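Residues in the sequence shown are numbered consecutively from 577, following my numbering.
Idealized CB from N, CA, C, for every residue including glycine.
Every value quoted in this text rests on a predicted model; they were computed, and no experiment measured them.
Notes for the one structure printed next.
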Amino acid sequence: MPNAYISGTGMFVPPRVVTNDQLAKEFGMDTTHEWIVQRTGIEERHYADEGVGTSDIAVPAAEQAIERAGIEKTDLDMIIFATLSPDHCFPGSGVYLQKKLGLCDGAAAKFVPALDVRNQCSGFLYGLSTATAMVKSGACKHVLVVGAEVHSHALDLSTRGRTVGSLFGDAAGAVVVSATDEDRGIRSWHLGADGRYADVLAQRIWDIKRFPFIPLDEHGVGQVQPEMMWAQMEGKLVFRNAIERMMTVLMEACVANGITGQDIDLFVFHQANLRINQYLQQHLGIPDEKVVHNIQKYGNTTAATIPTLLAEAEQSGKLKRGMKVAMIAFGSGFTWGCVIADW
Ligand SMILES: CC(C)(COP(=O)(O)OP(=O)(O)OC[C@H]1O[C@@H](n2cnc3c(N)ncnc32)[C@H](O)[C@@H]1OP(=O)(O)O)[C@@H](O)C(=O)NCCC(=O)NCCS
C-alpha cells in the first residue's frame, strides 16, 4: 500500500482588504476595531469583488499547488472541493473548478471525478482524509484538495449580523495529495460529528420540508426572512465546544500515533478565533514557535484556513520536510477532525 503525502500547497486571497474600521464606516456595522480584536484577534479580512465566485479564487490556489507538486493538471485523478459558500446550490464547485482549470478542453481532456465536501470549517480535513484514503487504496495517484470560500457575499454586514459578519473572510487554499513509496506522509486522520448541535451554527436559507421550499409572495417571487437568509450562531456554545473537541481529537490522534504533543513540530489549528487557539496552546503547553496563525489578516476563512496556513508556512520555510504536523479543525455540524502528517 503506498503512503499518501502532501506534494504541493497553494493559496490565493482576493486583493480587496476590509479592515475592522471599514466594517463600521463603509458597511454601517455598529462595531469597533478594539471589540473585534479583543474578542477574536481579527484585524482585517479580504473580500472578493462582486462577480467573483468561489471556484474562481480556487483556480490560482489549485494551479500553485499543482505547480509546486511538480505535476501537470492532467496528472490529477480526482478533485475534492470543500466549501460552505459554493458557487451555486448545485452542482458543486468541484466541477466548475475542473472546467476553469481547463481539464475539460481539447484532446488532453480528463474527466476526473469531482467531489464537493459540505463540512464547513472541518471540510478541508474531511477532504484531506478522503484524498488520503483514495491514494492509499491505489485508486488515485494525485488528488487535488481545495478549501475555498467567498463567504463575504453571504454575510449580513449590518449591525444585526455583526456577531457572525465580523468574523469571516474570503480565501482559497489547495494541496495535492500524492502517492509515494517513501516513509512519509499522512499517518492518520480522526474525524467526528455531533448532529445534536446541527442548528447551533447554521445557514438555513431554505427549508426543503416546506412546499415550496422558499415562501413566495403574491407575484411568485421568493421571500427569505433575515433569520433564514443569514447564518445564525450561538457563539459561546460554539466557543466551548470548539475547545473541548479540538483538544480531545488532538489527544486521540496522539494516542493513535504513540506520540505526545511534544513530538509535534507544527500545530495548524483552524482559525475560528485567536482566543480559542491561544487557550488550546496555553493548556497544552505549546510554545509560540510551533504554531501558525493567519486569522489576524484573513479572519475565519472556514474551509480555507488550514490549506492557506500550510501554503504560507511551507513557502516561508517554516514548514520543512521531515517535520511532524498536526492539523486540527472544528466547525458547524458540529464536525471536527485532526490529521497527523510527517511532512
Ligand atoms: C462570536 C464571539 C466573538 C462573540 O463573543 P461573545 O463574548 O460570546 O459575545 P456575545 O455573543 O455574548 O455578545 C456580546 C455583545 O457583543 C455584541 N457584539 C457581537 N458582535 C459584535 C461586534 N462585531 N462588534 C460589537 N459588538 C458585537 C453582541 O451583540 C452582544 O451585545 P448585547 O450584549 O448588547 O446583546 C464568540 O462567541 C466566538 O468567537 N464564538 C465562537 C465563534 C466561532 O468560532 N465560530 C466559527 C466556528 S468554526
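DSSP lists no bridge partner for E610. Taking the CA atoms as reference points, P791 sits about 11 Å from K785. Distance from the C-beta of K812 to the nearest heavy atom of ligand 1 is below 6 Å.
Around the beta-carbon of D681, fewer than 16 other beta-carbon atoms lie within 10 Å, marking it exposed. Of the heavy atoms belonging to ligand 1, none sits nearer than 6 Å to the Cβ of G749.
With respect to the 7 Å criterion, I882 and F700 are classified as neighbours on the basis of their beta carbons.
According to DSSP, residue pairing for F906 in a beta bridge involves W912. Secondary structure of H869 (DSSP, three-state): coil.
Distances between the C-beta of A848 and the heavy atoms of ligand 1 include at least one below 6 Å. Taking 8 Å as the upper bound for CB-CB distance, I633 and A724 are in contact here, some 6 Å apart.
Closest in C-alpha terms to K900, from the list W912, A829, M587, comes A829. A direct Cα-Cα distance of roughly 43 Å separates R772 from G646. As the crow flies, the alpha-carbon of A685 is around 19 Å from that of V752. Note on geometry: alpha-carbon atoms of D759 and N579 lie some 7 Å from one another.
Take the alpha-carbon of N695 and the one of W782: they are about 18 Å apart.
G741 and R644 have their C-alpha atoms roughly 34 Å apart. A Cβ-Cβ separation of about 11 Å leaves K712 out of contact with S754 under the 8 Å criterion.
Listed as beta-bridge partners of Y581 by DSSP are S754. Nearest in C-alpha terms to A637, of all of M805, M710, A748, K649, is A748. The shortest C-alpha to C-alpha distance from R592 to any of D606, M903, R621, D651 is the one to R621.
Annotation for I882: the continuous alpha helix (DSSP H) segment containing it runs 881-892. The distance from the Cβ of G745 to that of S728 is about 7 Å, consistent with a contact at the 8 Å cut-off. Under the three-state reduction of DSSP, M809 is assigned to strand. K785 sits in coil when the DSSP states are folded into three classes, being neither helix nor strand. Counting the other Cβ atoms within 10 Å of the Cβ of E602 gives fewer than 16, which makes it exposed. Closest in alpha carbon position to V797, among P788, A750, F815, is P788. Taking 6 Å as the cut-off, one finds at least one heavy atom of ligand 1 near enough to the beta carbon of T607.
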